[in-house]
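Step one of this worksheet: look at the structure below.
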């Protein structure tokens, strides 16, 4: 996994957002870890099968909500590389 976009602080919305790219190897580990913890059956091996002939591009948007009255006290705000003062921009690159 890797950060692919700048960490953004949405001051109007009150959260810091980090966008992470998830590749195929990560997806295998994520699914296996999830099933280990939540499946109600045992398994010895897991094979993730992609029946689509195209690549999968997955991103995880991780949000940390900050105290609206004292955002400067939150470490996540200081880790943000970019402050967005307007409305949340959804899926934009920057």
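Residue numbers (my numbering): 1384 to 1477. Ideal Cβ placement from N, Cα and C applies to all residues, glycine included. Note that the structure is a prediction, hence the values are computed from the model and not measured.
Find out if the Cβ-Cβ distance for the pair residue i, residue j is shorter than 7 Å.
i: residue 1401; j: residue 1445; result: yes
i: residue 1442; j: residue 1396; result: no
i: residue 1447; j: residue 1399; result: yes
i: residue 1429; j: residue 1408; result: no
What does the alpha-carbon distance come out to for the pair residue i and residue j?
i: residue 1393; j: residue 1469; result: 7 Å
i: residue 1403; j: residue 1390; result: 10 Å
i: residue 1455; j: residue 1464; result: 14 Å
i: residue 1458; j: residue 1451; result: 14 Å
i: residue 1449; j: residue 1410; result: 29 Å
Could you give the residue range of the beta strand (DSSP E) that holds residue i?
i: residue 1400; result: 1398-1405
Under the rule that 16 or more other beta-carbon atoms within 10 Å means buried, what is residue i, buried or exposed?
i: residue 1426; result: exposed
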